Structure formats: structure tokens, C-alpha cells
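Notes follow the structure.
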Amino acid sequence: DQQVKQNSPSLSVQEGRISILNCDYTNSMFDYFLWYKKYPAEGPTFLISISSIKDKNEDGRFTVFLNKSAKHLSLHIVPSQPGDSAVYFCAASGRVEAGGTSYGKLTFGQGTILTVHP
Amino acid sequence: KAGVTQTPRYLIKTRGQQVTLSCSPISGHRSVSWYQQTPGQGLQFLFEYFSETQRNKGNFPGRFSGRQFSNSRSEMNVSTLELGDSALYLCASSLGTGYGNTIYFGEGSWLTVV
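In order, the protein sequence lines correspond to chains A and B. For the first sequence, the residue numbers in this note's numbering are -14 to 103. For the second sequence, the residue numbers in this note's numbering are 3 to 116.
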């Protein structure tokens, strides 16, 4: 049962254009979402997050949008740069356990490989 | 400020052996969690520790265990290794376990079981 899905395994974009990475979730108890970027043989690097009380969060070239009714979020990178080429993971957390108090468990999507061509 | 540090970075073990991986969290972080990354299953949560107590556990067999020390450093242990345990094991740390928690990852420990 995949609770967080990234349906596009890969995305190819020209330098300077917008990259849009999508993520869907099924568990309505998720209320905090994060995006990570990962290079081969390295750990994931935190990019940006959004809480369920917002529908948009911006940080420089990165913007995350959240549509709670559709259980969908997206990461926009504008403008895209060749150095952005990596695997992008969407992750979700929430009080999904009965009586749980911890947000320390992240559920990840399968990742999208972004390639930005010069 | 130093990031999450994991040791060893690479190791090779034989089936049936056991392995211990170490993690030092970012200074001041009290929550440590562990994840396994494999090509087939992606990134999967193993367990989370806060104040030396396990707070959350993923769906892994009892061969996978962990602990946290009073200085927040953590270790995970895998006993009776199987070929399928070959993976990148990632440690992550955060200030606490509350809402809006940002979790930071280490470089990982590459385990190969032969």
C-alpha cells in the first residue's frame, strides 16, 4: 500500500525553464510535507516543506503547492539549472499512528529523476 | 555546524553475520531515525528514537534493532544478515518529534551482504 506516490519516474527539462514535480498521497492524516533532493551515493538533502494549513510555500527558486482536497502537492523549480539534476523525493508525516505523538516517521514517494539539459 | 555523521560509510558482510551501524546527530538534535533505501522498495522507515526511547517502528523483522544513547548518538544492528539486507542505510536527525519537524539526513552507510 503506497501512501505517497510520485507517478513520474523521470522528467527532462531545458535549462531556464520550469520543472514541475508532482506527488499524491492517500492518507488524510498526513499534514506535513517535505521535498528532498538526492544525488547518487549521498543522503537526501532537505529542500522545502509545507504544512497543511498553507497552500503555498516559497524559498528562492523552489515553490511547493499543496491541494489538500485533491491530496496532491507539487514542487516548482524556476528557473531550472543543470545542477538541479538529481532524484527528488516527496515525503509526508503526520500523527498517523493511533495515539501517536511523533512526527518523526516520514513516508516517501518512489522519487522522480530530474534531468536539466544545458 | 556539523551534519549527521554515519560510520562506517561502506562495508561488506557475509550472510549470517551481524552488523552495527553508528550515527551521530546534528548537535542539539534529540530525535534520530533510520531508513533503508533499496532500488526495489525505495526509502523505507525503520525506527525512530527520542530521549533513548523508541517512538516509532516500521515494518521490518526483529533482526533489525536500534538504540539511542544519552548523548543522542544512535546505533542500529542487523543480525543474521540476508542477501536482501544489502542497501543504503540512512540515519536522520531532528530537533524533536513535533509538528513541523524538519528531518536532516546523513550520507548513509552502504551495506553489501555476500
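Ideal Cβ placement from N, Cα and C applies to all residues, glycine included. Quantities reported herein were computed from a predicted structural model and do not represent experimental measurements.
Proximity of residue i and residue j at Cβ, strictly below 9 Å
i         : j         : result
Leu(-4)/A : Ala76/A   : no
Thr99/B   : Ser26/B   : no
Thr100/A  : Val(-2)/A : yes
Ser35/B   : Ser72/B   : no
Tyr51/B   : Ser76/B   : yes
Gln8/B    : Cys93/B   : yes
Closest residue to residue i among the options (Cα-Cα distance)
i        : options                               : result
Phe62/B  : Phe49/B, Gln70/B and Gly102/B         : Phe49/B
Asn12/A  : Asp40/A, Thr97/A and Leu91/A          : Leu91/A
Thr22/B  : Ser96/B, Thr82/B, Ser53/B and Ser74/B : Thr82/B
Val115/B : Gln8/B, Arg69/B, Asn79/B and Ala89/B  : Ala89/B
Phe66/B  : Glu54/B, Asn79/B, Arg75/B and Gln19/B : Asn79/B
Glu109/B : Phe93/A, Ser36/A, Ala26/A and Ile98/A : Ala26/A
Pro41/B  : Asp87/B, Val6/B, Glu54/B and Thr104/B : Asp87/B
Pro103/A : Gly68/A, Thr97/A and Cys8/A           : Gly68/A
Ser74/B  : Thr16/B, Leu85/B and Ile28/B          : Ile28/B
Cα-Cα separation, residue i to residue j
i        : j         : result
Pro10/B  : Ser24/B   : 7 Å
Gly84/A  : Arg57/B   : Reliability fails at Gly84/A, whose pLDDT of 49 lies under 50, so the model's placement of it is uncertain and the value that follows must be treated cautiously. C-alpha separation (whole angstroms): 12 Å.
Ser54/A  : Asp40/A   : 11 Å
Lys125/A : Val72/A   : Nothing can be reported for residue 125/A, as the shown portion of chain A is limited to -14 through 103.
Gln46/B  : Gly30/B   : 25 Å
Ser70/A  : Ser(-7)/A : 15 Å
Ser111/B : Ser4/A    : 31 Å
Tyr101/B : Ser34/A   : 12 Å
Tyr10/A  : Lys56/A   : 5 Å
Arg80/A  : Val49/A   : 22 Å
Val6/B   : Thr104/B  : 13 Å
Leu13/B  : Leu113/B  : 5 Å
Gln19/B  : Gly64/B   : 15 Å
Gly60/B  : Gly89/A   : 11 Å
Ile38/A  : Gly28/A   : 29 Å
Ile98/A  : Ser53/B   : 36 Å
Tyr21/A  : Pro64/A   : 18 Å
Gly68/B  : Asn42/A   : 35 Å
Nearest-angstrom Cβ-Cβ length linking residue i and residue j, presumed shorter than 8 Å
i         : j        : result
Glu0/A    : Gln66/A  : 6 Å
Phe74/A   : Ile62/A  : Contact doesn't hold; Cβ gap of about 14 Å is too wide.
Phe31/A   : Tyr106/B : 6 Å
Phe15/A   : Gly44/B  : Incorrect: roughly 17 Å between the Cβ atoms, too far for contact.
Gln(-9)/A : Asn7/A   : 7 Å
Leu58/A   : Leu51/A  : 5 Å
Report task. Taking only beta carbons into account, state which residues of the segment 93 to 104 of chain B come closer than 7 Å to chain A, listed in chain order. Result -> Ser96, Thr99, Gly100, Tyr101, Gly102, Asn103 and Thr104
Query - Positions along the segment 15 to 49 of chain A whose CB lies within less than 9 Å of some CB in chain B - result: Asp16, Tyr17, Leu19, Tyr21, Lys23, Ala26, Glu27, Gly28, Pro29, Thr30, Phe31, Ser34 and Ser36
**Report entry** Short-range partners of chain A found in the segment 62 to 95 of chain B, where Cβ spacing is below 7 Å
**Finding:** Leu92
Query raised in the report: Along the segment 18 to 44 of chain B, what residues have a CB closer than 8 Å to any CB found in chain A?
Result: Ser33, Ser35, Tyr37 and Gly44
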